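The block underneath contains the structure these notes are about, expressed in structure tokens.
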Amino acid sequence: MKTQFFLLAFLPFILFAVQPTITQTGDKPVNLLLDGDHTDQNAWSATGQNCKLHIAFKQPVKLANIILFTGQRRFAKMPSTEGSPKSFSVIGQRNQQPVKLHETPFAVPRDTPEEEEFSVAANLEPLEVDAIIIQFHELHDQGFRINSPNKAIVPPEKRVLYIREIQFTTLQQAQQYEAQGKLIDDCQQAPQNLARAIQTAWGHRLKILDNLLANKDYRNFEKHFNFLSEMIQPYLGAEIQLAPNGKGISLKLKPIGQLAKGQPASFPIHFKLLESIAQQKLSRTHAQLLQNGTTNINLSITPITPDRVTIHWIVGDEADFYELIFYSAGQEIQEPALRRLVGNGDPLMQATIQSRHLPSNFWSVRFGDAFGDQVPALIAGRWTDFAHIYRNRGSLGKPDFNEFEHYLARDPFDMPIGTDKHHGLAFSVVEPTDADGDGKLDLFLARFYNTTPIFARNIAPNPGELEFDSPRVCSTLPRGYRYAFADLDKDGIADAIAVRLLKGKVEVAQFKGLGLSPKGTPQFDKPVPLQLDIPDSTETSRGSSACTPSISLDDLDNDGDYDLTISVPPSVYIAKNNNGSFQQAVQIKTTDGTPFQNEFYYPNIGWGHIDGDGKPDLFLRTAHFAYPSTTSPEIVSPKRTVWQPLKKQLEVTDNYAGLANFQIADFDNDGNQELIQLQSYMYLALFKFKDGLFHRLENIRLEPPSCQRFGCPDNTEYHGAYAQIKLFDFDGDGKLDILTNTEHNWRFGYFSYYRNKGNNQFEQEVQLAPKPFVQHLETTKSPNGTAITIDQDSPLDFISFETKDILDPNDGQITIRFAALDDSIPELGRTFFSSNFWDKKRFNHISLYESYRSAKTLDQFLQTQQPFALVQLPDGTIKCQLGNQAVQSQQPFQLKKDTWHEITLKWNNNGTTIELDSNTIATTPHKPTGFAERFHLGSMAWLAMQYAREYPARRKTHPTDFSTPINAKVDKLQIIAKNSTTLNLDFDQQFETLKNRSALSYRCAPGVFKNFKGSKALVAHFDDHRRTQMPGMTATLYAVPFTTTIGKPPQFQPPVMLRHADGTPFHAHSRTVVVPYDWNNDGFEDILLSTENYPNPYHRGIELFINNKNWQFIRTEDQEILRLNELITAHHDVKLEIASLTGSPQPDLIVWTDPGIKCFSRPFLKLDPPKFSVKSIANHK
């Protein structure tokens, strides 16, 4: 029976004489004594030099070894505080009598971050014990504190020991491991041709396995054995039936156990093994799969390395065996098979193969000889992803990449290597180089935000092969820098150059490479500063994502020396290398003489060749395009060159992760499913699913958004980038209508509803604002009845109107009656109204950001932005900006607290006049040049940042808050155009003219209960309409019942707050997709949520909440959902849909997080994969 050992007595600081007791409780694996997170968090700590830990067993046990994970990982680089013992002893007890388990204490090296799972194993005499005492001797801690050198030395009795986890191996387990080592003998005793083939393919790994067993490293032995067993065991009983000069081979696969329809199946292939048996080269890209020898089955091929692939398929009806056919190289009879959906986390693929650009979200781009063919392969890092390697079948300047020769760098167990698989902004910035001079390309990887690099050594037997060791941390390189690697001093060992910015100042240092440590980690000498005279960074307005430097080492002038390129945003510099000495840096310029600008968010640089002219081309952040150099690398074209060197089967999407959601439904009622997504500029993209593939249909245009109508210059946000949609038959006519929650919906407090008219046509937008409402108006009494208060705490976006048809540039009048809230003028001034026509031809996003940053006063802001706005400046004068003209009073005005005034702006063909209390105070012959389609009363909030409702990071873009509310009570707004009143808000009589605003949660994709207490109900998060609490913001989940009438929008009823079983409100993060689904088949809809994946209560990736049949919900740790969260590479948004795609008896879970949309079938998540053995290997006939 599997057992667990749990710490019952836990004391954070335990005196050295105290012996805390761990006793057996019985649930977890038998090899776990102390259950902590062995990669990070300590589970036990004690104080003093001779700490003891007492462990008692329920029944006697014989221990073969014990493994300690020591030290506090966050202190690993501080030898004074890292908390590791120098040595320890294990004392056995049997019936309270001592049992000697070893002779001398076990030494513990100082804990460093070099290994992700630093541990020490102690082999013991396997004598029977019922308890052990682990005694820790002197600590590595020397008592001083690196960051506080002036503090007193910490005395030995107060120094702290940390233990993260303790594991052990019993004698019985050790004997089982020894028996598993028989795999090596089985391989040697196989028929001669099969034994030779196994040795060719896996001999170096079998040698590693043998060494681990000989050293009694059972923990690592188990991992290597499990992997190799899956690769080799299926072949050991195969009957070889091959004749010479065959045209391919056939593998007959016999299932082990019963097969179930809909299961995703897979089988590993090592071509070196098959080619050694068949004595011929086989095609790596072509295969055929027959069920029961006759029925052709759809399959997909995943490249693992140049010599290995995995074959995937879905189990069909009555499958007795499968025949897997590989063709001889050059004998392929068709194009490579299209990848079809299986449900094992594979992407949703289109039925199209094209030559396309490389993914635009490759954010580090390097080239190197990864395959030993002297042709530069592409090595790229990707947003929240891994290291990608594309083989180049072209030449230096004319690359030719193919998706079938696209590999991820993988560890010895085929897991992709990345910097951090569950961090939303981890990235994987990849630097390839031959670190140890063995002729094979190794990889350094780092996150974008300048963490210490990790190193993946290429341990393949031969150059040109891709097989990487488990990554190790380069502990001799400090964090906080961006690194590049190359052999600068030509000693065969890679050196490093590092750059960082400290408050805009550039620091560059060189680290000499010292070779590999005994564990295989590159070691580096102390840094030597490089003086390159690079000016300070001027990029200070857009936060750390735009201000991070980057670096590249390339031989730009073909002299055999690596030259240095450094991006110090927004500029880029080159320092030439002359025989190991770097020259002064020269700024890269364009052919017109202007400095070249690296203006991207997340900037990164690299050099390559894309146009065949022999000159290097400069990549910025992405492999999508480059800027060709001209007369020298210091002079580049100002125009980017886009290239399309990749032949690939198109995915449904391979771009940035999950900002907008998607749905899968039978959109056109033809019996086939469609994937539907709202894309940029409000196009509805549709992909029809058929026979395992998606087929793109013609886009459907919804009512297009307008920067002017929604009052925002950031067209990426307002044109659908964050568009959340819900498709449902909201009017009961049998057709799927659309409800959206876009950025502007959130800002202005309503859903957009588009009724489906049929024939791919939708009616114009209807604005729906269900309760709960945002209390966005604070009312008070005025001499004229009712007034509203507008100040900095008001949600200013909501106090606005769509004014497309109520303003005329040739003739009009606007009147506002107000009373100031205090005697003083607000520090930045006040805005009476604003309506800005944003000219995107005049402002691109860079110049717009710069205008935000550079404006220091409200007057400067008006001159830069040129809106239609009436304001009072801090000096008391009143000014109206009329676009590129303005009118301003000569004298200042003091507006007394609670004194009512009426201000009027009039314009016609004779000019414009400002009146205050019926007195003309300013006039001009000019009139307004244009209006936006939104009019903000009492603020400039449409454009200028209102801090209370924005991300804190965006305040760096808008260092000054120019929302400048009127800071007054307002009881009248009247707009007259062409001598008729077009808008008249007398708040006593027409207060309802200001619309109710729904408290829509930011970027929430709603769901629908089909039967919520007898009616349909929208399920969505509603919140206080702020973003400043990110990433810990919470929203509340409500069910909003609605009724349907054909041809009419849904009629929403009062909302019902959803609650947990304990009665507490159902909170979650705002960026959430709500998916109602009866998970446990009890007749009541449960809720699945998908959101960001951060370790706190409101960011859990994908979660399941079970309905207790009283419409209260219980967070449930379902094993399928837990495994799904482990498998997805979570971006800061995770989108989820449930639909039947694979033919499994239960619907599949489809997840969008970078990169692309992927499908997980329920049988796959249940960890019940079918297994096969190779019955025979024969010639293909």
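Numbering (this note's numbering), first residue to last: 9 to 1189.
Note that beta-carbon positions come from the ideal geometry of N, C-alpha and C, so glycine has one too.
Since the structure is predicted, the reported quantities are computational estimates derived from the model, not experimental observations.
Contact check for Pro636 against Pro611 fails: the beta carbons are separated by 7 Å or more. By the C-beta density criterion, Gly211 is exposed, having fewer than 16 other C-beta atoms within 10 angstroms.
Among the bridge pairs identified by DSSP, Ala506 is matched with Tyr491, Ala517.
Leu1008 is not a Cβ neighbour of Asn669, given a cutoff of 7 Å.
Less than 7 Å divides the Cβ of Gly488 from the Cβ of Arg508. For Met239, the enclosing alpha helix (DSSP H) covers residues 226 to 240.
Of all alpha-carbon atoms in Leu747, Ala327, Glu923, Lys743, the one lying nearest the alpha-carbon of Gly766 is that of Lys743.
Comparing alpha-carbon positions, the option among Gly426, Phe379, Thr661, Leu332 lying closest to Ala359 turns out to be Thr661. Ser1006 is positioned such that its CB atom lies closer than 7 Å to that of Ala777.
Cβ atoms of Tyr609 and Pro780 stay farther apart than 8 Å, at about 35 Å. Excluding its 5 nearest sequence neighbours in each direction, Ala502 has C-beta neighbours in its own chain below 6 Å: Thr441, Ala443, Phe493, Asp495, Gly521, listed in chain order.
With 16 or more other CB atoms across the displayed protein chains lying within 10 angstroms of its CB, Asn764 is buried. Around the beta carbon of Gly891, 16 or more other beta carbons lie within 10 angstroms, which makes this residue buried. Beyond the five residues adjoining it in sequence on each side, Gly472 comes within less than 6 Å, by CB distance, of Phe379, Gly380 in the same chain, given in chain order. A residue is called buried when at least 16 other Cβ atoms come within 10 angstroms of its Cβ; Lys914 meets this threshold and is buried.
In its chain, beyond the 5 residues on either side, His909, Glu910 have a beta carbon closer than 7 Å to the beta carbon of Asp925. Here Leu261 is buried: its Cβ has 16 or more other Cβ atoms, across all protein chains shown, within 10 Å.
Relative to the Cα of Pro1155, the nearest Cα in the group Trp1087, Tyr689, Leu866, Thr55 belongs to Trp1087.
In this structure Lys977 is buried. Its beta-carbon is surrounded by 16 or more other beta-carbon atoms within 10 angstroms. Contact annotation: the segment 928 to 948 touches the segment 876 to 887, with at least three C-beta pairs closer than 8 Å. Inclusion of Ser1098 and Leu1144 in the CB contact set at 7 Å is warranted, their separation being smaller than that value.
Judged by pairs of C-beta atoms under 8 Å, the segment 303 to 318 touches the segment 460 to 479, as three or more such pairs exist. Between Tyr330 and Gln296, the CB-CB gap reaches or exceeds 7 Å. Taking C-beta atoms under 8 Å as the contact rule, Phe840 and Leu878 qualify, at a distance of about 4 Å. A Cβ-Cβ contact shorter than 7 Å links Ile140 with Val98. Counting C-beta pairs closer than 8 Å gives three or more between the segment 389 to 405 and the segment 613 to 632, which meets the contact rule.
DSSP, reduced to helix, strand and coil, places Ala187 within a helical segment of the structure shown. Apart from sequence neighbours up to five positions away, the residues of its chain that approach Arg825 with a beta-carbon distance below 6 Å are Glu910, Asp979, Lys980, ordered along the chain.
Collapsing the DSSP output to three states places Phe695 in a strand. Close CB contacts of Glu682 within its chain, under the 6 Å cut and outside five residues either way in sequence, are with Phe675, Leu694, Lys696 (chain order). In this structure, Pro1073 sits near Thr1044, with a CB-CB distance shorter than 7 Å.
Taking C-beta atoms under 8 Å as the contact rule, Asn410 and Pro384 fail to qualify, at a distance of about 15 Å.
For His944, the enclosing beta strand (DSSP E) begins and ends at 942 to 945. For Ile733, the enclosing beta strand (DSSP E) begins and ends at 732 to 736.
Ranked by Cα distance from Glu247, the first of Tyr689, Ile285, Gly254 is Ile285.
Shown here for Phe126: same chain residues with a beta carbon closer than 6 Å to its own, the five before and five after excluded, namely Asp119 in chain order.
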